[in-house]
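S.K.:
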Amino acid sequence: MPKAMSITTIRKTFPDEWVMAQVTDVDDDDVPTAGVVLTHTPDEDTIFDAVKLHLTKYPNARLYTFFTGDIVPEGVNLAFPFG
């Protein structure tokens, strides 16, 4: 299994890409601080397809999906888990 990395390291390693990571550590507010990168891509549709597929296979997985760029480009959709 790939090694867990801090979210900061993931952002530096995969610039301007979408990342899906399995959460391995959180801070006191339950915000992910580290994870294992499961996939990364510059394409938004590809990452969300990967999330759906992964959650079909592993419905209890704790995933953190995020864009590593400084800003979210115009036309990009964001998904936030609620509940």
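Numbered according to numbering that gives the first Met the number 0, the sequence shown spans residues 0 to 82.
Virtual Cβ for every residue (Gly too), placed ideally from N, Cα, C.
(1) Put PHE65 into one of helix, strand or coil per three-state DSSP.
(2) Per DSSP, THR38 is paired with what?
(3) Provide the residue span of the alpha helix (DSSP H) that contains VAL30, from first to last.
(4) Compute the beta-carbon to beta-carbon distance between PHE65 and VAL18, rounded to the nearest angstrom, for a pair I have assumed lies under 8 Å.
(5) Quick check: what's the CA-CA separation for THR23 versus GLY34?
M.R.: On the basis of the coordinates in this document:
(1) Locating residue 65 in the sequence shown gives position 66, counting from the first residue. Three-state DSSP puts PHE65 in a strand.
(2) Sequence index remark: in the sequence shown, residue 38 carries index 39 (1-based). MET19.
(3) Locating residue 30 in the sequence shown gives position 31, where the first residue counts as 1. Element bounds for VAL30: n/a, residue is neither H nor E.
(4) Locating residue 65 in the sequence shown gives position 66, where the first residue counts as 1. Locating residue 18 in the sequence shown gives position 19, where the first residue counts as 1. Right, the Cβ-Cβ distance comes to about 6 Å (below 8 Å), so this counts as a contact.
(5) The sequence position of residue 23 within the sequence shown is 24, counting from 1. The sequence position of residue 34 within the sequence shown is 35, counting from 1. Distance between the alpha carbons of THR23 and GLY34 is about 5 Å.
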